[in-house]
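Read the structure below first, then the notes.
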Amino acid sequence: MKVVIDQDRCVGAGQCVLAAPEVFDQREEDGIVVLLQENPSAELHEQVREAAQICPALAIELAD
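Those letters in the sequence shown? Residues 17 to 80, by this note's numbering.
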């Protein structure tokens, strides 16, 4: 799995961080998503898929 984020679309809701804190973080100054792992391990895939689904701005794309 490869994770791609669009920081321009991100609204800083933080749902991705709650769903998959090992993969996503937020910038201190504005809350915009920061990708910690572009290729997360298999045991994190379910959490990453959930993060992509619940993102209100649809700023997370996944490629297998």
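For every residue, glycine included, the Cβ atom is placed at its ideal position computed from N, Cα and C.
Run through DSSP, which three-state label would LEU85 get?
-> As displayed, the chain neither begins before 17 nor continues past 80, which places residue 85 out of reach and without an answer.
Starting from GLN31, trace the alpha helix (DSSP H) both ways and give me its first and last residue.
-> 31-35 is the span of the alpha helix (DSSP H), which, as asked, contains GLN31.
Proximity of VAL20 and VAL39 at Cβ, strictly below 9 Å | no
Check whether the Cβ atoms of VAL49 and MET17 lie closer than 9 Å to each other.
-> no
According to DSSP, which residues form a beta bridge with ALA79?
-> LYS18
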